[in-house]
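Asks: Attaching a single structure in structure tokens format; questions to follow.
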Amino acid sequence: MTDNLRLKENFPLAELTTFKIGGEARFFYRATNEKEVNEALKFADDNQLEVFVLGGGSNVLIADEGFDGLVLQIDLRGIKFEEADENFVSVSVSAGEDWDDFVALCVKRDLAGIECLSGIPGLVGGTPIQNVGAYGVEVGTCITSVRAVDTETKD
Numbered sequence: 543m544t545d546n547l548r549l550k551e552n553f554p555l556a557e558l559t560t561f562k563i564g565g566e567a568r569f570f571y572r573a574t575n576e577k578e579v580n581e582a583l584k585f586a587d588d589n590q591l592e593v594f595v596l597g598g599g600s601n602v603l604i605a606d607e608g609f610d611g612l613v614l615q616i617d618l619r620g621i622k623f624e625e626a627d628e629n630f631v632s633v634s635v636s637a638g639e640d641w642d643d644f645v646a647l648c649v650k651r652d653l654a655g656i657e658c659l660s661g662i663p664g665l666v667g668g669t670p671i672q673n674v675g676a677y678g679v680e681v682g683t684c685i686t687s688v689r690a691v692d693t694e695t696k697d
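In the numbering used here, each residue carries its 1-based index in the sequence shown increased by 542.
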């Protein structure tokens with residue numbers, strides 16, 4: 543890995559979850575770009591470690607025994623708005639952005655579609671997996687594409 547200072551051993555996970563409970567990760571890595579995600583996955587492969595991807599920690603309970611593998615926290619940031627026409631705006635959002643902050647930003651920009659999903663904890667990256675929904679709106683109806691890394695194939 544290019545920056546071994548980012549790889550932590552015996553890292554306490556409790557503070558990264560909303561319930562503030564749980565043990566340590568044998569290894570922990572907070573990835574801030576796609577290259578680091580791939581490096582962390584390669585490290586896990588090279589060391590035959592199971593990988594647990596952690597987002598904002600709002601929908602997870604960590605056992606007191608912790609996790610005997612690599613916990614990979616996705617902390618990619620960035621939001622880009624592109625106006626396609628007067629009726630449509632495309633937004634690219636990185637997985638590590640706070641979901642509620644993103645919803646508030648959309649509301650501030652007078653964009654409609656996800657405003658009913660305010661107040662839901664977590665990061666943007668977890669919303670498609672969980673198909674976050676409330677008040678008859680599901681995030682899946684607003685998402686046009688998702689970029690992801692397959693933890694098995696690394697593609």
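By construction, the Cβ of each residue, glycine as well, lies at the ideal position given by its N, Cα and C atoms. As the structure is a computational prediction, the values presented were derived from the model and not from experiment.
#1: Considering only residues of the region 634-682, which uninterrupted alpha helix (DSSP H) runs meet the minimum length of 4 residues and lie entirely inside it, listed in chain order?
#2: Measuring alpha carbon to alpha carbon, tell me which of L665, L603, A605, N629 ends up nearest A637.
#3: Under a three-way DSSP split, which group does T544 fall into?
#4: Taking all protein chains shown into account, do 16 or more other C-beta atoms lie within 10 angstroms of the C-beta of V681, making it buried, or fewer, making it exposed?
#5: Could you tell me the boundaries of the beta strand (DSSP E) in which F701 lies?
#6: Helix, strand or coil for L603 per DSSP?
#7: To the nearest angstrom, how far is it from the Cα of V579 to the Cα of R651?
#8: For N552, I'd like the list of residues in its chain whose CB is within less than 8 Å of its CB, leaving aside the five on either flank, ordered along the chain.
#9: Just curious, the beta strand (DSSP E) that L596 is in, first and last residue?
#10: Is the beta carbon of I604 sitting closer than 9 Å to the one on I671?
#11: A690 by DSSP, collapsed to three states: which one?
#12: Quick one: Cα of K584 to Cα of N629, how far?
Replies: With the structure as the only source:
#1: 641-650, 669-672
#2: L665
#3: Confidence at T544 is low in this model, with a pLDDT of 45, below 50, so the placement of that residue should be treated as unreliable; the coordinate-derived value is given next. Coil.
#4: buried
#5: Past the boundaries of the shown model lies residue 701; the chain is included only from 543 to 697, so the question cannot be answered.
#6: coil
#7: 31 Å
#8: E566, A567, R568
#9: 593-596
#10: no
#11: coil
#12: 43 Å
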